[in-house]
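Asker: Structure provided below as structure tokens; questions to follow.
Chains as they are written, first to last, in the numbering used here: chain A, 473 to 849; chain B, 4 to 396.
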């Protein structure tokens with residue numbers, strides 16, 4: 473029964489390869505359109521775990537009741553460049569606290585910032601809402617106050633401004649906004665100001681996804697192309713299996729776009745992984761076709777190839793899908809996401825291998841025969 | 004490439020002639036590599052998977068050094084609205100709740116692993132807990148900053164416990180267990196639920212499920228793939244022949260990881276299930292080609308030579324492309340992707356090696372056994388027939 477279907481399918485491709493290619497191009501164009509819906513998102517620790525776990529449910533409760541536990545910190549450090557200058561050398565300097573006070577007031581104006589806490593708030597509370605002009609008073613108060621020690625480093629070269637953010641705020645937007653505020657407020661000389669915190673880290677991760685994906689995919693493609701040209705000792709037969717992964721990846725990403733499935737930093741390597749797996753299908757088809765060509769015509773070779781390769785290829789695809797779907801059985805959601813993307817990739821590559829590759833093979837052979845036939849005349 | 008195929012033909016001859024020896028050597032190698040399983044390390048710290056040379060991570064490490072107490076556990080006290088008990092607290096500022104908070108704070112302060120505690124309890128430590136809710140509200144109204152500990156609907160309050168845990172998984176587990184233990188033994192009013200969250204408890208849970216998920220996904224994937232193989236191949240022995248090299252490849256992979264100190268992590272937890280899914284094709288193509296050649300009338304030697312040289316070179320070629328695809332991940336800027344690339348590359352290499360080196364010998368041994376078994380069976384049947392004929396006479 474399966475052999476009947478594969479034989480019919482082989483005959484169809486052998487007779488109408490251009491129609492098959494045309495249909496493939498239409499599907500590919502639609503898939504490309506859908507890829508525009510894929511966004512890059514950041515993945516936090518709690519996103520990696522299943523929502524039914526108590527520790528995640530508790531965190532969700534805190535987010536719901538307190539509107540956000542996401543924090544960022546502005547790190548202010550002394551960084552004097554010149555010896556014997558008037559630059560700040562002690563973070564307890566009143567000028568630093570005045571700067572932090574101005575910074576804090578400006579930050580409060582941003583609607584995405586729920587709360588700002590700093591050493592200047594505590595010092596002002598202790599001194600009737602004003603910052604002492606004398607560094608000695610401040611030094612004494614810092615020594616005596618435990619809370620202040622969580623804002624001022626032990627060596628008095630660093631201080632933190634702790635910012636609590638609304639949960640739904642976009643990392644890249646808030647980071648941009650904070651850096652803008654830091655830049656606009658003039659700071660005393662000898663100070664260095666920067667950002668840290670989960671949102672800052674997630675921003676960095678998000679920015680790495682696309683360059684990493686591009687880099688790893690490029691090297692994977694070049695490496696794979698060299699291997700298969702070496703394997704087949706032919707540029708034509710080296711390039712044809714590549715269409716498996718090119719079309720397979722576009723279709724897989726098209727489906728992801730349709731499902732509105734977003735990519736995280738942890739999934740940045742999926743394209744290379746799909747390439748490495750999907751190329752096998754193309755190689756198997758081309759290898760068998762070339763073997764069959766030694767004894768049969770292109771049409772018969774194609775039919776035999778599809779007949780012979782279809783069942784083992786389907787079994788291996790099925791086995792791979794099971795392996796990948798098994799990843800979704802655990803409590804780690806990151807694995808389920810990886811499994812889903814890989815499943816789509818492998819399936820799409822298999823479909824590309826049994827549609828694109830045979831069509832191009834038969835078109836190539838027909839073209840070659842036409843030229844040879846023309847030459848013979 | 005002719006020399007390569009000739010080499011594979013020689014290999015096929017060795018695998019056929021010394022099939023049992025090859026199998027025994029494979030078993031010894033497997034035992035040796037399997038010992039590496041006991042050395043495998045599991046890493047749940049995401050910060051190790053991040054690029055350490057980026058300014059934001061360098062600055063984070065600097066701040067941790069200067070301040071210590073970089074890790075925070077959130078203890079969440081919340082009123083359980085599902086409980087319908089008379090006299091249960093209806094406001095988180097209830098004196099009984101405050102007393103529980105103070106008790107927990109005092110217990111945790113005695114733990115050397117906890118650096119600082121911040122909660123509503125801190126406000127009442129010195130002045131004592133007022134007897135009525137009204138008095139508590141008055142006190143809290145005069146303390147600026149107390150609002151950050153209480154939710155707007157007055158059903159939840161937070162306790163912040165800071166600790167310097169760093170990257171030590173044992174420390175994280177111990178501190179999380181200590182806090183949970185104190186919570187369990189705390190005297191608290193009915194209707195008050197106390198749970199913990201924050202990066203350390205989440206990492207602790209991640210680690211716990213990393214281990215469970217690795218075992219679970221491998222087991223499930225293995226069982227399902229094996230059953231599918233039995234159904235599709237319509238034979239238990241064929242399924243075993245296809246599955247064995249993959250199982251060996253998996254043991255070799257994880258064992259080697261243990262030997263070379265390559266940790267399993269959040270990124271590589273799915274390696275087992277993935278290797279099972281990807282490696283099975285090598286066994287399938289080898290076995291199918293061998294059976295096809297035997298059915299076409301070729302001898303054992305000819306069939307195995309064709310199989311190993313033809314399919315062997317094809318799967319080595321396709322395995323090489325898979326390895327290239329995975330190893331390109333090692334060029335990524337994120338250590339997470341680098342580790343994933345290294346692990347997957349190792350996995351495919353081991354699956355390929357076990358399929359090409361051990362697979363053919365197993366096929367030959369299975370066939371020889373089948374022949375011997377059928378021959379023995381045939382002898383027994385002949386004996387039985389002769390016996391019945393004698394009886395009939």
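Ideal placement from N, C-alpha and C gives every residue a C-beta, glycine not left out.
In this text, all values refer to a predicted model and were calculated from it rather than measured experimentally.
Starting from the C-beta of residue 565/A, find all residues in its chain whose C-beta is less than 7 Å away, skip the five residues before and the five after it, and write them out in chain order.
Answerer: Your numbering for residue 565/A matches position 93 in the first chain. Cβ within range, chain order: 607.
Asker: What number of angstroms, rounded off, separates the C-alpha of residue 771/A from the C-alpha of residue 263/B?
Answerer: For the purposes of this step, residue 771/A is identified with residue 299 of the first chain, where counting begins at 1. For the purposes of this step, residue 263/B is identified with residue 260 of the second chain, where counting begins at 1. Taking the straight line joining both Cα atoms gives about 51 Å.
Asker: DSSP three-state call for residue 121/B: helix, strand or coil?
Answerer: Counting from 1 along the second chain, the entry for residue 121/B is found at position 118. Residue state, collapsed to three classes: strand.
Asker: For the alpha helix (DSSP H) containing residue 131/B, list its first residue and its last residue.
Answerer: Working through the second chain from its first residue, we reach residue 131/B at position 128. DSSP places residue 131/B in no alpha helix (DSSP H); its state is neither H nor E.
Asker: Going by alpha carbons, who is nearest to residue 584/A out of 604/A, 635/A, 613/A and 796/A?
Answerer: Counting from 1 along the first chain, the entry for residue 584/A is found at position 112. Of the listed residues, the one whose Cα sits closest to residue 584/A is 635/A.
Asker: With DSSP run on the structure shown, which of helix, strand or coil describes residue 277/B?
Answerer: As a working note, residue 277/B is residue 274 in the second chain. The three-state secondary structure of residue 277/B, taken from DSSP, is helix.
Asker: Using 10 angstroms around the beta-carbon of residue 6/B, count the other beta-carbons present and answer buried if the total reaches 16, otherwise exposed.
Answerer: The residue given as residue 6/B occupies position 3 in the second chain. Exposed, since its Cβ has fewer than 16 Cβ neighbours within 10 Å.
Asker: If you compare alpha carbons, which of 367/B, 327/B and 197/B is closest to residue 297/B?
Answerer: Taking the second chain and counting its residues from 1, the one referred to as residue 297/B is at position 294. The shortest C-alpha separation from residue 297/B is found at 367/B.
Asker: Rounded to whole angstroms, what is the Cα-Cα separation between residue 742/A and residue 822/A?
Answerer: Taking the first residue of the first chain as 1, we reach residue 742/A at position 270. Taking the first residue of the first chain as 1, we reach residue 822/A at position 350. Whole-angstrom Cα-Cα distance: 16 Å.
Asker: Of all the CB atoms in chain A, is at least one closer than 8 Å to the CB of residue 342/B?
Answerer: Numbered from 1 along the second chain, position 339 holds the residue referred to as residue 342/B. For residue 342/B, the answer is no, since every Cβ of chain A falls outside 8 Å of its Cβ.
Asker: Chain A beta carbons: is any one of them nearer than 8 Å to that of residue 16/B?
Answerer: Taking the first residue of the second chain as position 1, residue 16/B is located at position 13. Not an interface residue.
Asker: Report the partner residues of residue 80/B according to the DSSP bridge assignment.
Answerer: Residue numbering aside, residue 80/B sits at position 77 when the second chain is read from its first letter. According to DSSP, residue 80/B bridges with 160/B and 197/B.
Asker: Please decide whether residue 590/A counts as near chain B, where near means a Cβ-Cβ distance under 8 Å.
Answerer: Locating residue 590/A in the first chain gives position 118, counting from the first residue. Not an interface residue.
Asker: Go to residue 762/A, then tell me how far its alpha helix (DSSP H) extends in each direction, as first and last residue.
Answerer: For this step, residue 762/A is matched to residue 290 along the first chain. Taken as a continuous stretch (DSSP letters only), the alpha helix (DSSP H) holding residue 762/A covers 742 to 765.
Asker: Report the three-state DSSP secondary structure of residue 336/B (helix, strand or coil).
Answerer: The residue you call residue 336/B lines up with position 333 of the second chain. Note: residue 336/B maps to coil in three-state DSSP.
Asker: Three Cβ pairs or more, each shorter than 8 Å: is that satisfied between the stretch 674 to 683 of chain A and the stretch 799 to 816 of chain A?
Answerer: no
Asker: Tell me, please, whether the CB atom of residue 107/B is closer than 8 Å to any CB atom in chain A?
Answerer: Here residue 107/B is taken as the residue at index 104 of the second chain, counted from 1. For residue 107/B, the answer is no, since every Cβ of chain A falls outside 8 Å of its Cβ.
Asker: With a threshold of 8 Å between beta carbons, is residue 807/A in contact with chain B?
Answerer: Here residue 807/A refers to the residue found at position 335 of the first chain. Yes, because at least one Cβ of chain B sits closer than 8 Å to the Cβ of residue 807/A.
Asker: Under 8 Å by Cβ, that's how I've got residue 82/B and residue 195/B pegged, so tell me the actual separation to the nearest angstrom.
Answerer: On the second chain, position 79 is the one that residue 82/B refers to. On the second chain, position 192 is the one that residue 195/B refers to. So it is a contact: roughly 6 Å between Cβ atoms.
Asker: What did DSSP end up calling residue 645/A once you bin it into helix, strand or coil?
Answerer: On the first chain, position 173 is the one that residue 645/A refers to. Of the three classes helix, strand and coil, the one that applies to residue 645/A here is helix, per DSSP.
Asker: Quick one: any contact between the stretch 530 to 540 of chain A and the stretch 230 to 250 of chain B, if contact means 3 or more CB pairs under 8 Å?
Answerer: no
Asker: My output table needs one value for residue 93/B: the three-state DSSP class, helix, strand or coil.
Answerer: Here residue 93/B is taken as the residue at index 90 of the second chain, counted from 1. Residue 93/B falls in the coil class under three-state DSSP.
Asker: What does the alpha-carbon distance come out to for the pair residue 623/A and residue 62/B?
Answerer: In the first chain, residue 623/A corresponds to position 151, counting from 1. In the second chain, residue 62/B corresponds to position 59, counting from 1. Between residue 623/A and residue 62/B, the C-alpha separation is close to 15 Å.
Asker: Name the one or two DSSP bridge partners that residue 547/A has.
Answerer: Looking up residue 547/A in the first chain gives position 75. By DSSP's assignment, residue 547/A forms a beta bridge with 632/A and 666/A.
Asker: Does the beta-carbon distance from residue 143/B to residue 99/B come in below 8 Å?
Answerer: Counting from one through the second chain, the residue named residue 143/B turns up at place 140. Counting from one through the second chain, the residue named residue 99/B turns up at place 96. No; because the gap between Cβ atoms is not below 8 Å, this pair is not in contact.
Asker: Identify the contact partners of residue 327/B in chain A, using a Cβ-Cβ distance below 7 Å as the criterion.
Answerer: Reading the second chain from its first residue, position 324 is the one you call residue 327/B. Result: 692, 695, 696, 699 and 748.
Asker: Can you pull the chain B residues whose beta carbon is under 7 Å from the beta carbon of residue 638/A, in chain order?
Answerer: Here the question's residue 638/A lines up with position 166 in the first chain. Chain B residues near residue 638/A: none, gap ~14 Å exceeds 7 Å.
Asker: Please list the partners that residue 787/A has in chain B, where partner means a Cβ-to-Cβ separation under 7 Å.
Answerer: The sequence position of residue 787/A within the first chain is 315, counting from 1. Going along chain B in sequence order, the residues near residue 787/A (Cβ under 7 Å) are 235 and 287.
Asker: Pick out whichever of 58/B, 29/B, 340/B and 378/B has its Cα sitting closest to the Cα of residue 254/B.
Answerer: For the purposes of this step, residue 254/B is identified with residue 251 of the second chain, where counting begins at 1. Ranking the options by Cα distance to residue 254/B, first place goes to 29/B.
Asker: From residue 839/A to residue 832/A, what distance separates their C-alpha atoms?
Answerer: Stepping through the first chain from its first residue, residue 839/A is reached at position 367. Stepping through the first chain from its first residue, residue 832/A is reached at position 360. Answer to the nearest angstrom: the Cα atoms are 10 Å apart.
Asker: Between which residues of its own chain and residue 604/A is the CB-CB distance below 6 Å, once the five residues before and five after are set aside?
Answerer: Along the first chain, read from residue 1 onward, the residue named residue 604/A stands at position 132. Taken in chain order, the residues that qualify are 610.
Asker: Measure the beta-carbon distance from residue 105/B to residue 127/B and round it to whole angstroms, keeping in mind my assumption that it falls under 8 Å.
Answerer: Counted from its first residue, the second chain places residue 105/B at position 102. Counted from its first residue, the second chain places residue 127/B at position 124. Sure, about 6 Å apart at Cβ, within 8 Å.
Asker: Tell me the DSSP bridge mates of residue 858/A?
Answerer: Since the displayed chain A opens at 473 and closes at 849, residue 858/A lies outside it and no answer follows.
Asker: Going by CA-CA distance only, name the one from 114/B, 237/B and 159/B that's closest to residue 122/B.
Answerer: The residue given as residue 122/B occupies position 119 in the second chain. Residue 122/B has its Cα closest to that of 159/B, out of 114/B, 237/B and 159/B.
Asker: For the structure I just gave you, are there three or more beta carbon pairs, one from the stretch 758 to 770 of chain A and one from the stretch 700 to 717 of chain A, closer than 8 Å?
Answerer: yes
Asker: What are the boundary residues of the beta strand (DSSP E) that residue 589/A is part of?
Answerer: Within the first chain, residue 589/A is the residue found at index 117, counting from 1. Where residue 589/A is concerned, the enclosing beta strand (DSSP E) stretches over 585 to 589.
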